[in-house]
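In order, the protein sequences belong to chains C and X. By our numbering, the letter at position 192 of the first sequence is numbered 192, and the numbering carries on one by one without gaps. Each number in our numbering comes from the position in the second sequence (counting from 1) with 256 added on.
There are 2 protein chains.
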Amino acid sequence: MVAENKSHSTVNSVEVALRIIETLKEQGGMGVTELATELDLPKSTTHRYLKTLTENEYLVQNGTTYHIGLRFLGVGEFSRTRRRGFQMVKQKVEEIAEETGEKAQFIVEEHGKAVYVYQEIGEKGVKLGWGVGTRIDLHSTSAGKAIMAEWPEERVEEYVDTHGLRELTPHTITSHEALMEELEETRERGYGINEQEHVDGFIAVGVPVHNSSDTVLGALSVGGPVNRLQDDWLEQEVINLLLGMANELELNLRYS
Amino acid sequence: MVAENKSHSTVNSVEVALRIIETLKEQGGMGVTELATELDLPKSTTHRYLKTLTENEYLVQNGTTYHIGLRFLGVGEFSRTRRRGFQMVKQKVEEIAEETGEKAQFIVEEHGKAVYVYQEIGEKGVKLGWGVGTRIDLHSTSAGKAIMAEWPEERVEEYVDTHGLRELTPHTITSHEALMEELEETRERGYGINEQEHVDGFIAVGVPVHNSSDTVLGALSVGGPVNRLQDDWLEQEVINLLLGMANELELNLRYS
DNA sequence: GAACGTCGTTCCAAGAAGCGGAACAGTAAA
DNA sequence: TTTACTGTTCCGCTTCTTGGAACGACGTTC
C-alpha cells in the first residue's frame with residue numbers, strides 16, 4: 001500500500017475504519033464479503049476491522065450483517081450540545097416550523113460545509129431529503145450564504161479555491177465574482193436567499209446568528225416548494241420571524 | 257505495547273482512535289499534550305491521531321484545542337433512522353411528553369445497555385441528566401426491565417453473567433432471583449416500574465414495543481420526581497397513555 | 001528584551017503490529 | 001450429498017505505526 005494522496009503521517013488504519021463506517025452509513029447493513037469487495041480489501045482484513053468496531057460497541061452485528069451502532073448517537077448528540085446556546089436553538093427551530101408550517105433548520109459551517117444541526121418539519125413541510133447531520137455546499141444554500149456573508153473576503157476566496165463552486169441547478173452561482181456580489185447583497189439586506197440554486201423547485205431564506213463575540217455561529221433557515229413560498233409572505237412574515245428568532249438567540253447568548 | 261486483555265486480532269490503532277473520541281466527548285475540547293498525558297501516549301502519536309481524525313473531518317480544530325466534530329451527528333442520526341418505524345416513534349415521544357408534562361423517552365437495548373434513542377422533556381420535566389445517546393444499565397430502569405421481560409430466560413442469565421447487577425441506589429435489584437421475579441411480575445402486569453432503583457427520588461414506568469415479528473423493538477417510558485408521579489395518576493393515566501402509544505406503534509409497524 | 005517554559009508540529013530509524021493468502025467452518029440451496 | 005456461498009481463524013512476511021528527539025511558535029516572566 002503506497003502513501004497515496006493524503007498528507008504523509010496519518011494513521012492509515014484509522015482511515016480504513018472511517019471508510020468502513022461511511023460505507024455502512026451509505027449502504028446500510030453489509031456482510032463481510034460485501035464490504036470487502038466494495039472497499040477493495042481482503043476479507044480477513046475487513047473482518048478484523050468489523051470485529052474491532054463491534055467489540056468496542058460502535059457497530060452491531062445482526063446475524064451475518066454489520067450495522068452502524070447507536071453509540072454514534074451519543075457522540076453526535078454531544079457534538080451539538082457542547083456549544084452553549086445550542087439547546088435553545090432547538091426550541092426556536094421548533095417554533096419556526098410550527099409557525100410557518102414549512103421545513104426549518106439551524107445550520108452551522110464546519111470543514112467548509114453547511115451542516116444541518118437542528119431541523120423540524122412543519123405540517124406542510126416536505127418530509128424527504130436532507131435531515132440532521134447532512135452536509136451540503138455553502139454557496140448554494142440560503143443559510144450558507146448568510147454565513148459566508150459574515151466572513152472576511154479572504155476566507156471566502158479560500159473557500160472557493162478549496163471547494164470550488166459546484167453547479168447543482170441552472171440557478172447555482174458558479175463564478176467567483178457573482179458570489180462576491182451576492183454576498184454583498186446578502187450582507188446589505190440582512191438575510192440570504194436560495195432560489196432553486198440547490199434543488200430545482202426549492203426556495204429558502206436564511207438569517208445569520210451571531211456569537212457573543214462578532215463571529216457568526218450559524219444560520220436559521222426556512223425552505224419549501226417555490227409555488228408555496230410566495231414573495232410577499234416570504235419577504236415579510238417569514239423573514240421577520242427569522243430575524244426576530246435570531247435576535248432572541250443572540251441576546252440570550254450574550255447574557256448567559 | 258502488549259496484547260493486553262482484548263481478544264487477539266483487533267486493530268489496535270482503531271481502538272486508540274476510539275479512546276481519543278471517547279475522551280474528547282467526556283472531557284470536552286483538549287490540546288495535544290493534555291490528551292497525551294490523559295491517555296498515557298507520546299505527544300507525537302497523539303498528534304498523529306488527532307491530525308488523522310481532523311483531516312477526515314471527524315474532529316474540528318479550534319486554535320490549539322480539538323473538539324468532536326459534527327460529522328458524528330450524521331452517523332448518529334443514521335443509526336436511529338435506519339430502522340423502519342423509528343421516525344414515528346419521535347412523534348409519539350413528543351406527544352407523551354406533551355400530555356404528561358414529564359420526561360418521556362424511547363429506549364432500545366444494544367450491547368447489553370439501555371440506550372436513549374428519543375427523548376422529549378415536558379414542561380414540568382427535569383432538564384438535567386441523561387439525554388439522547390446515553391447508555392445505562394438495563395436492570396435498574398423501567399424501560400430496561402420492560403425489554404428484558406420479553407427475553408427468553410437464558411438471555412437474561414447471559415446478561416447477568418456478563419454485566420452483573422450493579423447497585424446504584426439502595427433500591428436497585430442486585431440478586432439474580434429477585435430480578436427473575438421482578439421480570440415475571442413485569443410480564444404479567446404489562447409494564448416495567450423503576451422505583452428509585454437507578455437514582456434516588458426518581459421514579460419511572462415503561463412499556464415494551466414489539467416488532468412485526470414477536471421480538472421486542474424497544475420501550476417507551478416516562479419518568480419524574482417521586483413526589484409528583486403519584487400512584488393513582490401514574491398507574492392509571494400514564495400507563496394507559498403509554499400502552500396506547502405502544503399499541504399504535506405496533507400496528508403501524510405491522511402494516512407498513 | 002532576553003531567557004525561559006510550554007505549547008504544537010515534524011523527522012526518521014527500529015521493530016512491533018497489521019496484512020492478507022490460504023485453509024477451515026458453518027449454512028443454505030441444488 | 002454436493003456445491004457454492006457465506007464468515008472466521010491462522011501465521012509468516014513486511015509494512016506501517018511508533019515515539020524520542022529536535023524544531024518552531026507563542027506567551028510569560030524576570
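Note that beta-carbon positions come from the ideal geometry of N, C-alpha and C, so glycine has one too.
Counting only beta-carbon separations shorter than 8 Å, does residue i have a partner in chain X?
i, result
"residue 89 (chain C)", "no"
"residue 79 (chain C)", "yes"
"residue 273 (chain C)", "Since the first residue of chain C shown is 1 and the last is 256, residue 273 (chain C) is not available in this structure."
"residue 157 (chain C)", "no"
"residue 75 (chain C)", "yes"
"residue 216 (chain C)", "no"
"residue 324 (chain C)", "Because chain C in this structure spans residues 1 to 256, residue 324 (chain C) falls outside the shown range and cannot be described."
"residue 72 (chain C)", "yes"
"residue 126 (chain C)", "no"
"residue 32 (chain C)", "no"
Do residue i and residue j have their C-beta atoms closer together than 8 Å?
i, j, result
"residue 358 (chain X)", "residue 381 (chain X)", "yes"
"residue 243 (chain X)", "residue 502 (chain X)", "Nothing in the structure corresponds to residue 243 (chain X), since chain X is present only between 257 and 512."
"residue 99 (chain C)", "residue 241 (chain C)", "yes"
"residue 475 (chain X)", "residue 462 (chain X)", "yes"
"residue 306 (chain X)", "residue 315 (chain X)", "yes"
"residue 194 (chain C)", "residue 141 (chain C)", "yes"
"residue 105 (chain C)", "residue 115 (chain C)", "no"
"residue 212 (chain C)", "residue 253 (chain C)", "yes"
"residue 137 (chain C)", "residue 155 (chain C)", "no"
"residue 286 (chain X)", "residue 505 (chain X)", "no"
"residue 39 (chain C)", "residue 68 (chain C)", "no"
"residue 77 (chain C)", "residue 389 (chain X)", "yes"
"residue 163 (chain C)", "residue 112 (chain C)", "yes"
"residue 268 (chain X)", "residue 18 (chain C)", "no"
"residue 438 (chain X)", "residue 401 (chain X)", "yes"
"residue 256 (chain C)", "residue 326 (chain X)", "no"
"residue 399 (chain X)", "residue 376 (chain X)", "no"
"residue 291 (chain X)", "residue 276 (chain X)", "yes"
"residue 216 (chain C)", "residue 147 (chain C)", "yes"
"residue 66 (chain C)", "residue 52 (chain C)", "no"
"residue 196 (chain C)", "residue 171 (chain C)", "yes"
"residue 270 (chain X)", "residue 32 (chain C)", "no"
Strictly under 8 Å for the Cβ-Cβ distance: is residue i near chain C by that measure?
i, result
"residue 262 (chain X)", "Note that residue 262 (chain X) has pLDDT 39, beneath the 50 cutoff, so the model's placement of it is unreliable and the number below is only indicative. For residue 262 (chain X), the answer is yes, since a Cβ of chain C falls inside 8 Å of its Cβ."
"residue 449 (chain X)", "no"
"residue 416 (chain X)", "no"
"residue 266 (chain X)", "yes"
"residue 338 (chain X)", "yes"
"residue 366 (chain X)", "yes"
"residue 512 (chain X)", "no"
"residue 284 (chain X)", "yes"
For residue i, which beta-bridge partners are listed by DSSP?
i, result
"residue 371 (chain X)", "X:364 and X:391"
"residue 120 (chain C)", "C:104"
"residue 322 (chain X)", "X:286 and X:317"
Short of 8 Å Cβ to Cβ, which residues in the segment 34-60 of chain C face chain X? 48, 49, 51, 52, 53, 55, 56, 57, 58 and 60
Residues in the segment 348-364 of chain X with C-beta within 9 Å of chain C's C-beta atoms, listed in sequence order? 364
Proximal residues, the segment 129-148 of chain C versus chain X, C-beta separation under 8 Å: 131, 132, 133, 134 and 135
What residue ranges within the segment 446-472 of chain X form continuous beta strand (DSSP E) runs of no fewer than 3 residues, ordered along the chain? 448-451 and 458-466
At 4 residues or longer, what runs of the alpha helix (DSSP H) sit wholly inside the segment 473-511 of chain X? 495-510
With 8 Å as the limit, tell me which residues of the segment 221-246 of chain C have their beta carbon closer than that to any beta carbon of chain X; keep them in chain order. none
With 7 Å as the C-beta to C-beta threshold (strictly closer), list the residues of the segment 269-280 of chain X near chain C in chain order. 269, 270, 271, 273, 274 and 277
What are the residues of the segment 194-209 of chain C that lie near chain X, defined by any Cβ-Cβ distance shorter than 7 Å? none
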